[in-house]
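Trainee: The structure under discussion is supplied below as structure tokens; questions concerning it will follow.
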Amino acid sequence: MPPKLHERYDSAVWDVARPKQPSRISGVSMAGFRDRGVSAAAHRAVPHPSVSLALEFGAGALLVDDPAGRRLRGSVAAGLGFGSGTPWVRGERFEAVQVRLSPLVAGTILGVSPAELSGAVVGLDELWGREASRIRERLDAASSWPERFALTDAFLARRRTRPSVDPEVAWAWRRIVAGRGLTRVDGLAAEVGWSRKRLWSRFRSQIGLPPKRAATLVRFDHAAHRLAKGEDAARVAAETGYADQSHLHRDVVAFTGATPANVAGELWLAVDEFAWPTPPETRKRPKGL
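Going by the UniProt record's numbering, the first residue of the sequence shown is number 1, and it counts up by one from there.
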């Protein structure tokens, strides 16, 4: 059994801070990370059902090795599920505000649809140009985490444009999240009064994944966090909707390249309880449905 979360966190290589107040934007959460400089080891980035931003600042460097073999330095954005393969994160005394964006709001903030990221990791300067440098400079000049969180929240709010996700697509996504990936996606189209083809096409173009893959990612995320808490893999498989333990094993390997036992000990999951103590999105039905 892996050590308890707090034991692994106490020996972690990152200091973690979190805001006292939620973001002014629904679907946005953030946490602060500071590399302690005690290890040069790379850490596996475990996929999460959100679009992630890492806003780097300070004297150190945040290095990300993406699945394609590229090394990215500085602030990055990562799409849902990280695409095909697992990124690795390495710090050189870096500091960063990490932001998790629900795919329902990611497009309005990024300026591109989550589908355009194709799950990949990209440099923020590719998406935002000079604006990425400006937010880095402002974060670097800030004197505290509360100030940095406030700056980040205000910056994201200024970037936000009008919603780009159909109410029907948003409702389908919330159903999948609320059901922890166990919602029968084949019935979602009928529930919103659309054809299956229309919902699948709109969902993929606006969320970044087709509904079935999105449900698989959400189910994996729930299972991975239970594994990180030290729960038995057979029990996790049985209670999170997998056909058997082998099915869970295949999903974990497909998303991370590691076995369930190895994923259970990942630092990436160990800090989640401290960095992201927010409830899942609630289940809501769009008006008129």
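Cβ atoms here follow ideal geometry from the backbone N, Cα and C, with glycine treated the same way. Source: prediction; values computed, not measured.
Pull up the DSSP beta-bridge partners for Trp88, would you.
Mentor: Residue mapping note: residue 88 aligns to position 88 of the sequence shown, counting from 1. Arg44, Asp65.
Trainee: Mapping DSSP to helix, strand and coil, what is Ser246?
Mentor: If you number the sequence shown from 1, residue 246 lands on position 246. It is helical.
Trainee: Taking the alpha helix (DSSP H) that Val169 belongs to, which residues open and close that run?
Mentor: Residue mapping note: residue 169 aligns to position 169 of the sequence shown, counting from 1. Bounds of the alpha helix (DSSP H) holding Val169 are 167-178.
Trainee: May I ask you to verify whether the region 57-67 touches the region 89-103, counting CB pairs closer than 8 Å and requiring at least 3?
Mentor: yes
Trainee: Between the Cα of Arg44 and those of Phe94, Glu273, Leu267, spot the shortest distance and give me the residue it belongs to.
Mentor: As a working note, residue 44 is residue 44 in the sequence shown. Ranking the options by Cα distance to Arg44, first place goes to Leu267.
Trainee: Tell me the DSSP secondary structure of Val112 in three-state form.
Mentor: Counting from one through the sequence shown, the residue named residue 112 turns up at place 112. Note: Val112 maps to coil in three-state DSSP.
Trainee: Near Pro280, what residues of its chain come up, given a Cβ to Cβ distance below 6 Å and the 5 sequence neighbours on each side ignored?
Mentor: By one-based count along the sequence shown, residue 280 stands at place 280. With a pLDDT of only 42 at Pro280, under the threshold of 50, the placement of this residue in the model should not be trusted, and no figure is reported.
Trainee: Let's test the definition: count the other Cβ atoms within 10 Å of the Cβ of Ala275 and tell me whether it reaches 16, buried, or not, exposed.
Mentor: As a position in the sequence shown, residue 275 is number 275, starting the count at 1. So Ala275 ends up on the buried side.
Trainee: Would Val99 be called buried (16 or more neighbouring beta carbons within 10 Å of its own) or exposed?
Mentor: Residue 99 sits at position 99 when you count from the first residue of the sequence shown. With 16 or more Cβ atoms within 10 Å of its Cβ, Val99 is classed as buried.
Trainee: Drop a sphere of 10 angstroms on the beta-carbon of Pro114, count the other beta-carbons inside from all chains shown, and report buried for 16 or more, exposed for fewer.
Mentor: Taking the sequence shown and counting its residues from 1, one reaches residue 114 at position 114. Answer is buried; the Cβ neighbour count reaches 16.
Trainee: Beta-carbon within less than 7 Å of Gly83's beta-carbon, same chain only, minus the 5 sequence neighbours each way: which residues are those?
Mentor: The sequence position of residue 83 within the sequence shown is 83, counting from 1. These residues qualify, in order along the chain: Pro67, Ser118, Gly119, Ala120.
Trainee: Write down the C-beta distance between Leu139 and Val169 rounded to the nearest angstrom, noting that I regard them as a contact closer than 8 Å.
Mentor: Here residue 139 refers to the residue found at position 139 of the sequence shown. Here residue 169 refers to the residue found at position 169 of the sequence shown. About 33 Å separates the two Cβ atoms, so there is no contact after all.
Trainee: Put Trp276 into one of helix, strand or coil per three-state DSSP.
Mentor: Here residue 276 refers to the residue found at position 276 of the sequence shown. Coil at Trp276, not helix or strand.
Trainee: Is Ala82 helix, strand or coil by DSSP?
Mentor: As a first step, residue 82 is located in the sequence shown; it is residue number 82 there, counting from the start. Sequence inspection shows Phe at residue 82; the Ala mentioned does not correspond to that position. Looking at Phe82 - three-state DSSP - the assignment turns out to be helix.
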